[in-house]
Every structure is written in structure tokens, then in C-alpha cells.
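Counting in full-length UniProt numbering, the sequence shown runs from 1 upward without gaps.
Here is the structure we will look at, set down as C-alpha cells.
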Amino acid sequence: MAPLSWRHHTLLQALLHRGPLSERDFHAVFAGVSGKDPATHQQLFNDTLLKINKDLAYLQFELRACINQYDGMVYYGVVNNIVDEESKLGTKYSVPQIAFYKGLLEAIVQEAGTDGSITSIDALNVRLDNQVVIVDGSEDSQSRLPSSIKNFSLSQKEKTLDELIRDRWLSYTSTGKIGLGTRSFLDLRSWFRGNDIPSCVVCNEACIKASSCLNEGCNVRIHEYCLKKKFSQRKASRACPSCGTEWPCQDGEADGDDDVNEPGEDQVSSANRSSRKKRKRVKAELVEENNNAGPSTEVPRRTLRSAKAKAVEAAQEASSAGASQPGRGSKRRKK
């Protein structure tokens, strides 16, 4: 196998140094080192990532893409393929900090299918003792907890929370709550599946922030960005793929009724009639003016043509004021 080139090394260095990059930023780095736009050279882009991952597999690392479920944006990053969180966080965080993150992670994923976030107060109230396993399970196990766990203060939680957000394991959502960060979506895919986190029926990825079927007996969940793809067509059925319950429209999503703001057929007909009447009246005025002027003062063709143009323009203004699509109305009457 041919070794990685400087181009591969540059892509890896960008991700390792800057952390997960948005699709736009990563594509910009790729275009800079290869001279090719990934949008028009998709095969070259895929082959480059495949080559990198073949070499990283030996180290149990992977260059991976994910979607941040809070903003729907695609991100790229280098991840550790070992499942447990300790191996991912242990290089920087202490034992109580890792236990705190695990408690936060469990509290957030319990909101799967709804908001997928918790308030800052709930985050600071997460207990660490539930994340530490005492092997013998004796009754006095609580007293045998490490002192670093028992004495983990509120100020230490606040500091750790800030660090986890800064390192993008957690994030602030648009509502100001605490949610998972880009690195959690990248690194914890196997953890989500191993802990039976409900999956989206469209993309099969874990549902942290998603919409649930209105039928209480149905467990179907779909990401908001997957909903837009699934119901993008105006006449597409909005039925739940499992139970058939009507799926509600999301905020900012078109309800599919394009005729809501269109004028009715009666309005179109009335506007057309008004337009024709005005056109005839203007024409009659021009003819009368020409007749009154006599043969010696005949109206020049250019003046008459200009007057007709003004008449047509005035008729069009009257038509547009009454209806936005008069052509459709006239076609309907002919039918």
C-alpha cells in the first residue's frame, strides 16, 4: 500500500489541530491541497477519505462525518473507534470529570425523541456516584466512593461543564440549554447503538433531538432535517411510516398548500373583465379624439402607438392589482 501523501497529512493535521470542521470548512481545506472542488469531484474526495481511513484503521482511528442534530450541519473529524468514553476522554479529564460527563450524557439521551437537552441547573445537579461501580456491591459502598467523587464540588462541576463545551463534547442549544456537542455525535455512534438509543427511521442514526409520532403507542422518531427530506414534495403523504398517523408540520415548514394566497377563479374573471373594459374605453377615447381633430390634423402614428402602449400598460396594472395569475383564470374559463 502506498504511503499517505502530504495532501493526506495536511487534511489530518487540520482536523487534529482545529478539531471537527464543518463540511464547508473541510471542503475548503480539501480544495486548497488538491486544487479540486469536492462538489464537482466527489469520487476523488471519497477516494481520499478511504485512503486515509485504511491507514488509520491500524491505530483504531477513523476520519468520519456526522450531522449535528441541533443545527442539521455536517461535520468531519478524526475519532477513536474504541467504545468506552474513558478511552476518549481520559487523556485530559480526571476520573470525577469523566463520571460527570457520563451522568450528563445519560441525562441528555433520556430526552431522546424530544428536545435532547437539559437546563444548566439540571446539569449541575447530576450525581456522580451513580457512575462509579463498586465491585462487591456491599451496603456501605457509598462510603467507599473515592474522595475525588464525593468531594466534587459545584464550582468544579461548573468548570468541567465549561471545559466540555469548549472542547465540543457538549454545546449550548439555540434555546440556551445544554446538549451534546459535535465530538459526541462523532465519537459516540457505537455507544448510542450499544445503549439502545432510538434510531431515526429515515437515516438510522441515533435520535437525540428528533420529533416523535403523535400516536402514543408508536415509537417512531425522525430527525427534523430528515423530515424535510421525507416530506419535501408538496403532495407527499405525511403519514407515519409505522402506524399511518398524520405527521404534524414543523415550524417554518411549508404545509404544501400552494394555492392559499392565490386568487380565486371569480377574482381572476372579475379582474380580466375590468381590464378589457378599461382597454376599450381608452381606445374609444383615442378614436373620438382623432375624429374630432379632422382630416387636416390627423394624429401621427407614433403618437397613436404611444397612446396604445400606455393603454396596454394601464390594463396590465389593473389586471395585476386584481389577481396575480390572470392567465390561469382565463384557461379555467375556456375549459
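C-beta atoms are modelled at their ideal positions from N, C-alpha and C, and glycine is treated no differently.
Discussion item. From the DSSP secondary-structure annotation, give me the bridge partner or partners of A28.
Written reply: Answer by DSSP bridge pairing: none, since A28 is not bridged.
Worksheet item: So, do the region 11–23 and the region 62–81 have three or more beta carbon pairs nearer to each other than 8 Å?
Response: yes
Worksheet item: Which of the three DSSP states, helix, strand or coil, is assigned to G244?
Response: coil
Practice prompt. Note the first and the last residue of the continuous alpha helix (DSSP H) segment covering V109.
Written response: Element bounds for V109: V95 to V109.
Worksheet entry | Classification of C243 by the beta-carbon crowding that lies within 10 angstroms, buried from 16 upward | Burial is judged here by how many other beta carbons sit within 10 angstroms of a residue's own beta carbon; C243 has fewer than 16 and is exposed.
Discussion item. Here's a check: name, in chain order, each residue in its chain whose Cβ is nearer than 7 Å to the Cβ of R168, leaving out the five neighbours to either side.
Written reply: G19, P20, G181, T182 and R183
Worksheet item: Which of helix, strand or coil does DSSP assign to Y75?
Response: Looking at Y75 - three-state DSSP - the assignment turns out to be strand.
Practice prompt. Give the single residue among A39, Q42 and I208 whose Cα lies nearest to the Cα of L105.
Written response: I208
Worksheet item: Who are the near neighbours of F45 in its chain, counting only those whose CB is closer than 7 Å to its CB and skipping five residues on each side?
Response: F30 and P38, listed in sequence order.
Worksheet item: Is it true that the CB of T245 sits closer than 8 Å to the CB of C218?
Response: yes
Discussion item. With distance defined between alpha-carbon atoms, name the residue in I118, T119, L145 and S120 nearest to Q131.
Written reply: L145
Fill in: Bridge partners - I67, DSSP secondary structure assignment
V74
Discussion item. I need the DSSP call for R166, collapsed to helix, strand or coil.
Written reply: helix
Practice prompt. May I ask you to report which of helix, strand or coil DSSP gives E158?
Written response: helix
Item to complete: Count the C-beta pairs between the region 148–165 and the region 47–59 that are closer than 8 Å, then say yes if the count reaches three, no if not.
Response: no
Item to complete: Indicate the three-state DSSP secondary structure (helix, strand or coil) for A39 in the structure shown.
Response: coil
Worksheet item: Using the C-alpha atoms, what's the distance from V220 back to V95?
Response: 37 Å
Fill in: Alpha carbon of L124 to alpha carbon of L63, nearest angstrom
Approximately 33 Å between the Cα atoms of the pair.
Discussion item. Going by C-alpha to C-alpha distance, which of G176, D47 and H17 sits closest to L4?
Written reply: D47
Fill in: Other residues of its chain near F192: CB distance less than 7 Å, five sequence neighbours each side excluded
A206
Fill in: Straight-line gap, residue 340 to S34 (C-alpha atoms, nearest Å)
Residue 340 lies beyond the residue range present for the chain, which begins at 1 and ends at 335; the question has no answer from this structure.
Worksheet item: Are P241 and V201 touching if we call contact CB-CB under 8 Å?
Response: yes
Fill in: Proximity below 8 Å, CB of F185 to CB of N80
no
Worksheet entry | Best match in E216, S199, V78 and F100 for proximity to H17 [C-alpha to C-alpha] | V78
Discussion item. Tell me the rounded alpha-carbon separation between H9 and F61.
Written reply: Each residue's Cα considered, the two are about 14 Å apart.
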